[in-house]
Amino acid sequence: MATLIHSHAVLQSTQAAGIGFDNVNFSDEGPCSSFQTTAKFPVPKELQQGLGKTLPIIFTIPTRCGTDPSSPSSPFPLLIFYNGFQLQAKYYRRIVAHAASWGYVVLQYNLPRFSLTPAILELEAFNPLLQWVDKQTKNKTSPIYGRADMSKVVLSGHSRGGKLAALNYGNNPTKVAAAWLVDPIDSSTFSPISPENPSGVEAIRGKEIGVEGAGIRSSCNPTEGNYQKFYAAGKAGSWKYEIPKASHSTFSDGGFVLNTAQDFLCGKGGITRATAANLTATPMLAWFYKQIEKLTNSGGDVASIDPLAVFYAWVERNEAKGIVKFVIKKTPAAKEAKETVLQAVI
Numbered sequence: 107m108a109t110l111i112h113s114h115a116v117l118q119s120t121q122a123a124g125i126g127f128d129n130v131n132f133s134d135e136g137p138c139s140s141f142q143t144t145a146k147f148p149v150p151k152e153l154q155q156g157l158g159k160t161l162p163i164i165f166t167i168p169t170r171c172g173t174d175p176s177s178p179s180s181p182f183p184l185l186i187f188y189n190g191f192q193l194q195a196k197y198y199r200r201i202v203a204h205a206a207s208w209g210y211v212v213l214q215y216n217l218p219r220f221s222l223t224p225a226i227l228e229l230e231a232f233n234p235l236l237q238w239v240d241k242q243t244k245n246k247t248s249p250i251y252g253r254a255d256m257s258k259v260v261l262s263g264h265s266r267g268g269k270l271a272a273l274n275y276g277n278n279p280t281k282v283a284a285a286w287l288v289d290p291i292d293s294s295t296f297s298p299i300s301p302e303n304p305s306g307v308e309a310i311r312g313k314e315i316g317v318e319g320a321g322i323r324s325s326c327n328p329t330e331g332n333y334q335k336f337y338a339a340g341k342a343g344s345w346k347y348e349i350p351k352a353s354h355s356t357f358s359d360g361g362f363v364l365n366t367a368q369d370f371l372c373g374k375g376g377i378t379r380a381t382a383a384n385l386t387a388t389p390m391l392a393w394f395y396k397q398i399e400k401l402t403n404s405g406g407d408v409a410s411i412d413p414l415a416v417f418y419a420w421v422e423r424n425e426a427k428g429i430v431k432f433v434i435k436k437t438p439a440a441k442e443a444k445e446t447v448l449q450a451v452i
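Residues in the sequence shown are numbered from 107 upward in steps of one, following the numbering used here.
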């Protein structure tokens, strides 16, 4: 069975580590180790009233992929992951660590505590943030010097963070390769669409999008603005992925006290948070692989069959167990492609 690998750099590293195609899968931890470091993003003056003078940035950076101390040998895609409402970057540590293990530089930030920052401010801050990161990749004193590939920027986020990923993806089509939305919430009775809270659904209308949803519904993920709305707006080829036993709160892990409170409000999931993180990271990375490969193909045969075959086969097994549900918005080409790669691993 071929492995699901997103770049030649990671492929070469897994080979250096002696890891073959038969025993590597995106549902497993990848070959890269990583470390975290912090930085401060200087917020443009016109946005400081809502965001503060600086935003605390958390980078999770791949360091070594396998046993070769010179790895990684080339810059990796940049994943920006957005927190849910009033949540902290560290609550998504498992998803982030999994992505970094497969060679993604991950950027997160925390908003000022207890602030009600309008979504429009984070939309307006997106391009200045990208410009700042680009400068960091060229600064020899920066920990991400030479490591982040700004031509391969992808976005993800949970709840309100999923909406932000949709907004910034939809409004920056030449700068963002893909977005994976984790139980995104576009609007609710308490947070209606407005000039300060623009619609993420409308931002991605007619675009290919990867959407993940919790099977357990509550007031935290109301029907009027939940993941189904985002998927409905996506064009053919979009993915819809559901975890039936997850609630809206299952995707974040803030410790026992906070988790208990969130489960009381949003419903308690039937799976652990660690399991939910793995079930989220796996399709997210597969989706990013699919979308990044549309932009660039570095050439060479990285696998004997389409690498998405491993993911599709993984989905088939987990669908049969009732663990996940998965749909590709129908086009003849998408359906044929999925059937072809599945047959290749049977």
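C-beta: ideal position from N, C-alpha, C; glycine also.
In this text the structure is predicted, and so the values were computed from the model without any measurement.
Beta-bridge partners of residue i, as assigned by DSSP
i	result
D292	For D292, which the question treats as bridged, DSSP gives no partner whatsoever.
V317	L287 and K346
Q146	The residue you asked about is not Gln; residue 146 is Lys in the sequence shown. K146 is bridged to P162.
D255	P183
S262	F187 and W286
F141	I167
S300	N303
Span separating the alpha-carbon of residue i from that of residue j
i	j	result
S194	D359	Per the sequence shown, residue 194 should be read as Gln rather than Ser. Those two C-alpha atoms are separated by around 9 Å.
G306	T329	15 Å
N332	K246	43 Å
F165	Y197	14 Å
T437	S344	10 Å
K431	T143	36 Å
V259	I250	14 Å
R323	S355	11 Å
K241	L184	14 Å
S325	K244	45 Å
T169	L414	26 Å
G406	I398	Residue confidence for G406 is low, a pLDDT of 39 falling below 50, so the modelled location carries little weight; the figure read from the coordinates is stated next. Each residue's alpha carbon lies about 16 Å from the other.
S294	A426	34 Å
P279	L385	27 Å
V363	M390	28 Å
T160	M256	22 Å
N365	L371	10 Å
G252	G276	27 Å
P298	G172	48 Å
E348	S248	38 Å
Q237	G263	21 Å
A145	A380	28 Å
K435	A338	9 Å
V282	V239	14 Å
N- and C-terminal bounds of the alpha helix (DSSP H) containing residue i
i	result
P234	A225 to T243
A272	R266 to G276
Q334	Y333 to A339
F370	F362 to C372
L193	Note, L193: premise wrong, no alpha helix (DSSP H); not H, not E.
E59	With the chain represented from 107 up to 452, any question about residue 59 goes unanswered, as that position is not in the structure.
E308	G306 to A309
L461	What is shown of the chain runs 107 to 452, which leaves residue 461 out entirely.
Within 7 Å, strictly: CB atoms of residue i and residue j
i	j	result
N216	P162	yes
V202	I167	no
G319	D289	yes
A419	R200	no
Q214	F187	yes
N274	L287	no
A206	S140	yes
Y309	A272	Note that residue 309 is Ala in the sequence shown here, rather than Tyr. A contact, by the Cβ cut-off of 7 Å.
G376	K351	yes
P150	A254	no
V421	K346	no
G316	P218	no
G340	S353	no
T189	G267	Looking at the sequence provided, one finds Asn at residue 189 rather than Thr. It is a contact, given that the beta carbons lie within the stated cut-off.
Residue i: first and last residue of the uninterrupted beta strand (DSSP E) it sits in
i	result
Y215	V211 to Y215
V430	Taken as a continuous stretch (DSSP letters only), V430 belongs to no beta strand (DSSP E), as it is neither H nor E.
F182	F182 to Y188
Supposed contact pair residue j and residue i - C-beta distance, whole angstroms, cut 8 Å
i	j	result
A392	F417	4 Å
F147	L235	6 Å
F394	A284	5 Å
A231	N303	With 8 Å as the limit, A231 and N303 do not qualify as a contact, their Cβ atoms being about 15 Å apart.
T223	G156	5 Å
E228	L270	6 Å
F132	W208	7 Å
E135	H204	7 Å
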